[in-house]
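Novice: Please find one structure pasted underneath; my questions will follow.
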Amino acid sequence: MLAPSGSIHVPTGHAVDVLPAALAAGAAAHPSTPLTFRGPTGVWQVSLAEIHERALRVATGLAAIGIREGDVVAVQLPGSLATAVAHAAVLLRGAVLLPLLSTTGAADTRSALQRSGASALITTAWRSHDALRGRRASDGPSRLRRVIAVSGTWPAAGVPSDAVDWAALEAFRPLRPDAVVLPDDPGVLVRTHGAGEAKGVVHTHRSVLSEVATLHTRVWRGSSRNTHLDPFPPGHVAGLTALLDALVHGTSLVLLERWNADAALELIHGRRVTSSAGTPAQLMALLDAAESDERGVGTLTDYLVGRGPVPPGLLERADRAGVIVCRAYGSVEHPTVTAGTASMPPDKRATTDGRPMPGNEVRIVDAEGGVLGAGHEGEIQTRGPDRFLRYWLPEPGEPDLTTDGWLRTGDVGRLDAEGFLTVTGRAGSALTRVA
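As structure tokens, this is what we get:
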């Protein structure tokens with residue numbers, strides 16, 4: 002709770018290896034950190050302390066409308082201020098966060114809500130009408146008790162009479178969170194976005210915080226003075242971890258509601274952005290925009306690229322522009338298995354996907370499960386502290402865990418003698434390469 006002095010209450014007797022305590026600790030340590038949001042009608046900058054206070058209000062409101070610890074609460078919003086508040090509020094309440102892409106269609110959203118057993122959905126006022134119609138359908142999400150409508154979003158729409166108005170939740174008094182959760186409890190349920198039917202991937206409080214800490218300390222060099230522009234929406238695992246890095250570690254974050262290279266470049270110059278991440282196509286578009294701008298890439302110095310093959314020459318082109326680009330490999334099930342770093346030799350940055358992150362392990366196996374040596378190509382198997390717990394529902398025939406905790410990724414690659422991983426293809430289509 003915000004004390005009269007403006008300080009932020011951090012729960013005592015709770016380890017910061019659970020998300021509610023970590024969020025409170027982050028806001029207490031970095032209250033003035035700015036988060037910037039670019040939407041269709043302008044740019045807004047809000048402090049971390051304000052986001053935390055608003056999230057506490059909404060968390061109190063969620064409890065008042067019957068949301069319990071362990072309930073699944075879906076959030077389907079564009080990359081806006083309300084999105085950051087909603088994600089934090091769900092976690093502060095001790096509920097399981099289900100982030101959904103704002104571009105997901107009505108039928109797919111209904112399926113996600115049904116399969117996850119979601120108790121509530123926080124979405125735009127416009128989409129809330131579809132959600133309520135879907136709830137009334139014979140095959141609708143049977144456990145969905147509440148639809149919470151956020152007005153003031155595009156396209157404009159009124160709040161339905163049978164929805165909960167987001168503004169009413171923000172009007173609650175910001176009480177200190179009293180949710181009791183454990184590090185190995187489910188904290189986040191993330192959907193895959195690769196080929197085939199989407200699967201629900203369960204991450205614990207511990208695995209999420211491990212991933213966020215790894216990105217902050219090893220990839221973004223552990224500095225809260227960094228300003229990071231993230232092109233991924235929070236419905237994507239990369240966008241979610243970037244948002245949580247800001248909320249937990251105080252990294253100044255810039256979010257775009259919709260990706261646009263020219264708009265991104267303008268934000269880089271205006272907000273003095275130092276790091277970013279994205280797909281190879283997004284990086285190429287950003288470099289194209291910078292070439293036609295006399296300011297070039299401005300303050301941007303670091304870029305993490307993933308989610309697909311990196312074209313030859315792209316990293317060298319970025320180097321010439323003054324941006325150090327590193328490749329990364331991971332999946333929704335195991336978000337950042339390996340990543341390059343700025344200190345790596347240029348040839349390793351250009352031709353490999355880096356070394357395993359702290360605590361992570363990678364091995365290459367043959368068709369019979371035998372471990373292969375350096376230079377031999379086979380299936381990539383991974384394990385580590387940020388690996389997922391399980392699938393929400395049984396997924397027969399999909400990549401799974403071995404008895405000793407290795408994730409069968411279905412991806413193909415090789416390790417060299419120095420421990421650098423190179424991903425060469427996929428044996429299956431279940432996992433998606435992500436930044």
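Numbering of the sequence shown is given in this note's numbering, commencing with residue 2 and proceeding in unit increments.
Note that beta-carbon positions come from the ideal geometry of N, C-alpha and C, so glycine has one too.
1) Measure the C-alpha to C-alpha separation of G7 and V249 and round it to an integer number of angstroms.
2) Output needed for G323: all residues of its chain with C-beta closer than 8 Å, excluding positions within five of it in sequence on either side, in chain order.
3) Classify S277 as helix, strand or coil using the three-state DSSP reduction.
4) In this structure, how does DSSP classify E419 when only helix, strand and coil are distinguished?
5) Counting C-beta neighbours from all protein chains within 10 Å, is the total for Q46 16 or more, i.e. buried, or is it exposed?
6) Leaving out five residues on either side along the sequence, give the residues of the same chain with a beta carbon under 7 Å from the beta carbon of A291.
7) Between which two residues does the alpha helix (DSSP H) harbouring V249 extend?
8) Quick one: grab the DSSP three-state call for P347.
9) What three-state label does DSSP hand V213 in the structure shown?
10) Can you tell me whether L183 is buried or exposed, with buried defined as 16 or more other CB within 10 angstroms of its CB?
11) Work out the CA separation of F421 and T353 for me, nearest whole Å.
12) H229 bridges to which residues according to DSSP?
13) Roughly how far, in whole angstroms, is the beta-carbon of V413 from the beta-carbon of G370, given that I think they are within contact range, below 8 Å?
14) Taking just the CA atoms, how far does G411 sit from L432?
15) Quick one: residues in its chain with C-beta nearer than 7 Å to the C-beta of G159, no 5 flanking neighbours on either side, listed in chain order?
16) State the DSSP-derived secondary structure class of P187, mapped to helix, strand or coil.
17) Leaving out the 5 sequence neighbours to the left and right, which residues in its chain are closer than 8 Å to W393 when beta-carbon positions are compared?
18) Would you grab the beta carbon distance between L254 and D231 for me? Rounded to a whole angstrom, and I think it's under 8 Å.
19) DSSP three-state call for S112: helix, strand or coil?
20) Going by the DSSP bridge assignment, what does D412 pair with across the sheet?
21) Between V76 and V59, how many whole angstroms is the CB-CB distance? I'm expecting something under 8 Å.
22) Quick one: residues in its chain with C-beta nearer than 7 Å to the C-beta of A264, no 5 flanking neighbours on either side, listed in chain order?
23) Rounded to the nearest angstrom, how far is the Cβ of L416 from that of A375, given a contact under 8 Å?
24) Name the DSSP beta bridge partners of H204, please?
25) Taking the DSSP output, what are the residues bridged to G40?
26) Anyone know if the C-beta pair for V74 and L98 falls short of 8 Å?
27) Of the residues D348, I381 and A368, which one's Cα is nearest the Cα of P357?
28) Could you compute how far the alpha carbon of S112 sits from the alpha carbon of S208?
29) Tell me where the beta strand (DSSP E) around L99 begins and ends.
30) Three or more beta-carbon pairs under 8 Å between the stretch 158-178 and the stretch 128-136, yes or no?
31) Taking only the alpha-carbon atoms, compute the straight-line gap between L176 and A119 and give it to the nearest angstrom.
32) Does A107 pass the burial test, meaning 16 or more other C-beta atoms within 10 Å, or should it be called exposed?
33) Quick one: does the C-beta of D163 sit closer than 7 Å to a heavy atom of the ligand MG?
34) List the DSSP bridge partners of G379.
35) Considering only their Cβ atoms, is the gap separating A28 from L17 smaller than 8 Å?
36) With DSSP as the reference, identify every bridge partner of P35, one or two as the case may be.
Specialist: So, from the data block:
1) Confidence at G7 is low in this model, with a pLDDT of 42, below 50, so the placement of that residue is unreliable and no value is reported for it.
2) G297, V298, L301 and T302
3) strand
4) coil
5) Exposed is the call here.
6) L266, G297, V298 and A322
7) For V249, the enclosing alpha helix (DSSP H) begins and ends at V238 to H250.
8) The answer is helix: DSSP assigns P347 an H, G or I state.
9) helix
10) exposed
11) 6 Å
12) Answer is L254 and S276.
13) Contact flag wrong, Cβ pair sits at about 15 Å.
14) For L432, the predicted structure reports a pLDDT of 36, less than 50, and the residue's modelled location is therefore unreliable. A value from the coordinates is still provided. C-alpha separation (whole angstroms): 7 Å.
15) A126
16) Annotated three-state conformation of P187 is strand, per DSSP.
17) Contacts found: R116, S117, L190, K200, G201, V202 and V203.
18) Confirmed, about 7 Å.
19) helix
20) According to DSSP, which records beta bridges pairwise, D412 is partnered with R427.
21) Incorrect: roughly 11 Å between the Cβ atoms, too far for contact.
22) R39 and L257
23) 6 Å
24) V189
25) G43
26) Yes; because the gap between Cβ atoms is below 8 Å, this pair is in contact.
27) I381
28) Spanning the two alpha carbons is a distance of roughly 26 Å.
29) Segment V97 to P100, the beta strand (DSSP E) holding L99.
30) yes
31) 24 Å
32) The residue is exposed, with fewer than 16 neighbouring Cβ atoms inside 10 Å.
33) No copy of the ligand MG appears in this structure; indeed no ligand is present at all.
34) G414
35) The residue asked about is misnamed: residue 17 is Val in this sequence, not Leu. No, the pair does not count as a contact, with Cβ atoms beyond the cut-off.
36) Paired residues: S48.
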